[in-house]
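Residue numbers (mature numbering (1 follows the signal peptide of the UniProt record, and there is no 0)): -17 to -1, 1 to 198. For every residue, glycine included, the Cβ atom is placed at its ideal position computed from N, Cα and C.
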């Protein structure tokens, strides 16, 4: 069972790789829910639309990307201009949603012959680069040691993610219970109001009929 768990963890990748299109002076943002004290790595690459070939090609030199990262409490964790491709890093201090925004230096897009970009983005959460460490290993023992350390980091990240999800579930349950309690009390209050209005209407009609000597 332990071997199966280790194999499963070694094949698990907490990453999200995708691409999206961006127009001139358009800022694209994604929201990533990240636990506290978690190392996050993002890698991006820009491709530019070629009007002659009708395809996306490598971006021209000088075309860059502004990367801005803010936390749930609107704390700016990173704000930097990169080139056509680059890698950014940051560490989340508090748990919650983090906003990752990318915007090209679009004032130069017209001179490059187009305004449409394709941005490839790969975000890795709680995962360090292992290939560089293995490449620097001097023997097989060091390589195995690096792999074990990398595996331990993945297990710790999984545990951290589970604890974070457990806290979110507990908060959601407390909010749901409070909401249900408020709904119940509001229903009781409405019922009392309707009963009071009904009694008042019946008394008013009775007094009206007595005053008119109908009854």
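request  = Please determine, among 131, 31 and 151, the residue with the shortest C-alpha to C-alpha distance to residue 80.
outcome  = The candidate whose alpha carbon is nearest that of residue 80 is 151.
ask   = Just checking my contact of residue 76 with residue 5 at CB under 8 Å: how many whole Å lie between their CB atoms?
value = That pair is no contact at about 29 Å.
inquiry  = Less than 8 Å between the beta carbons of residue 23 and residue 17, yes or no?
reply    = yes
query = Taking C-beta to C-beta, are residue 70 and residue 21 nearer than 8 Å?
reply = no
ask   = Under a three-way DSSP split, which group does residue 185 fall into?
value = helix
task = With distances taken Cα to Cα, identify the nearest neighbour of residue 141 among 170, 78 and 108.
result = 108
query = So, helix, strand or coil for residue 104, using DSSP?
reply = strand
query = Taking the alpha-carbon positions, what's the residue 33 to residue 82 distance?
reply = 30 Å
query = Can you tell me whether residue -1 is buried or exposed, with buried defined as 16 or more other CB within 10 angstroms of its CB?
reply = exposed
inquiry  = Can you tell me whether residue 179 is helix, strand or coil according to DSSP?
reply    = helix
message = Judging by CA-CA distance, which residue of 39, 38, 27 and 54 is the nearest neighbour of residue 47?
response = 27
ask   = Helix or strand or just coil, what does DSSP make of residue 191?
value = helix
task = Using three-state DSSP, classify residue 133 as helix, strand or coil.
result = helix
request  = Note down, in chain order, each residue of its chain lying with its Cβ closer than 6 Å to the Cβ of residue 189, except the 5 sequence neighbours on either side.
outcome  = Nothing meets the Cβ criterion.
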